[in-house]
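Below is one structure, written out as structure tokens, with a few remarks after it.
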């Protein structure tokens with residue numbers, strides 16, 4: 001069983017959904033992906049860098065949900081070997097569904113792990129095979145309205161991630177025990193357009209994200 005003490009939550013960091021071209025110079029995965037393909041970016045604090053898994057291990061992606069009174073939070077879970085990375089996002093955020101459609105076309109999900117290193121970032125890149133069929137989470141779309149961004153942000157930067165991980169985290173790769181779990185909110189355009197969220201990210205400077213390293217054309 002997963003040891004909850006191996007859960008690493010850092011609300012001072014947030015994941016992003018960015019075009020691959022912004023991380024082109026860091027890209028090392030062998031599978032060709034077009035430069036405008038959305039990439040899931042996950043920040044890893046320097047203190048937890050030694051828990052980043054061997055990217056040559058088995059990997060998978062799956063989606064889960066957290067039913068709240070005012071909406072449903074979707075989790076995007078990527079497991080690489082014995083480590084899971086979880087992004088939290090509003091189920092009705094259309095930016096993520098546009099990304100999902102693109103991943104279906106590409107048949108893979110590209111990710112960038114941004115690892116803090118002094119005043120800069122080091123990058124690990126990887127691709128995970130994208131399921132071809134309809135996702136179970138799609139059945140919930142008609143049942144829920146969009147969650148207010150302020151409410152979503154307060155939930156995903158408080159106790160919700162910890163509760164979810166400690167209650168539901170388990171391995172999705174046969175024969176590979178779950179050893180470590182990282183979790184963070186996914187900072188989408190919709191979330192950033194909210195005045196409260198923007199003030200939390202900018203005025204108080206409580207959120208750090210791996211910055212782009214290159215800008216190239218397709």
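In my numbering, the protein residues as written are 1 to 218. Backbone N, C-alpha and C define an ideal beta-carbon position, used for all residues, glycine too. Quick caveat: nothing in here was measured; it's all calculated off a predicted structure.
By Cβ distance, which residues of its chain are closer than 7 Å to residue i, with the 5 residues on each side in sequence left out?
{"i": "residue 60", "result": "79, 128, 172, 173"}
{"i": "residue 85", "result": "42, 78, 182"}
Thinking just about the alpha-carbon of each residue, which of the options is nearest to the one in residue i?
{"i": "residue 139", "options": "185, 72, 188, 186", "result": "72"}
{"i": "residue 17", "options": "146, 114, 167", "result": "114"}
{"i": "residue 146", "options": "52, 134, 152, 92", "result": "92"}
{"i": "residue 141", "options": "116, 94, 153, 123", "result": "94"}
{"i": "residue 117", "options": "161, 102, 47", "result": "47"}
{"i": "residue 134", "options": "189, 124, 50, 103", "result": "103"}
Residue i to residue j, Cα distance in whole Å?
{"i": "residue 25", "j": "residue 150", "result": "35 Å"}
{"i": "residue 112", "j": "residue 83", "result": "15 Å"}
{"i": "residue 169", "j": "residue 200", "result": "28 Å"}
{"i": "residue 148", "j": "residue 63", "result": "21 Å"}
{"i": "residue 194", "j": "residue 202", "result": "12 Å"}
{"i": "residue 204", "j": "residue 175", "result": "Caution applies to residue 204, whose pLDDT of 47 falls short of 50 and renders its modelled position unreliable; the value that the coordinates give is listed next. About 44 Å."}
{"i": "residue 197", "j": "residue 88", "result": "15 Å"}
{"i": "residue 100", "j": "residue 143", "result": "19 Å"}
{"i": "residue 56", "j": "residue 166", "result": "27 Å"}
{"i": "residue 28", "j": "residue 58", "result": "17 Å"}
{"i": "residue 1", "j": "residue 177", "result": "Only weak support is given to the placement of residue 1: the predicted model assigns it a pLDDT of 44, under 50, and the value that follows is read from those uncertain coordinates. C-alpha separation (whole angstroms): 8 Å."}
{"i": "residue 76", "j": "residue 121", "result": "23 Å"}
Among residues of its own chain, excluding the 5 on either side of residue i, which ones have a beta-carbon nearer than 6 Å to its beta-carbon?
{"i": "residue 66", "result": "73, 164"}
{"i": "residue 216", "result": "Bear in mind that a pLDDT of 37 at residue 216, under 50, signals an unreliable position, so the number given afterwards is only what the model happens to contain. Within the same chain, residue 216 has close Cβ partners 21, 24."}
{"i": "residue 96", "result": "89"}
Once you ignore the five residues that flank residue i on each side, which residues in its own chain have a CB closer than 8 Å to its CB?
{"i": "residue 301", "result": "Residue 301 is absent from the model: the chain starts at 1 and stops at 218."}
(request) Go through the region 164-209 residue by residue and report every complete run of the beta strand (DSSP E) that reaches 3 residues or more, in order. (result) 180-185
(message) Count Cβ pairs between the region 39-47 and the region 175-190 that sit closer than 8 Å; are there 3 or more?
(response) yes
(message) Report the start-end ranges of each beta strand (DSSP E) in the region 107-165 that is 3 residues or longer and not cut off at the edges.
(response) 108-117, 120-129
(message) Please give the ranges of any alpha helix (DSSP H) in the region 52-85, keeping only runs that are unbroken, at least 4 residues long and fully inside the region.
(response) none
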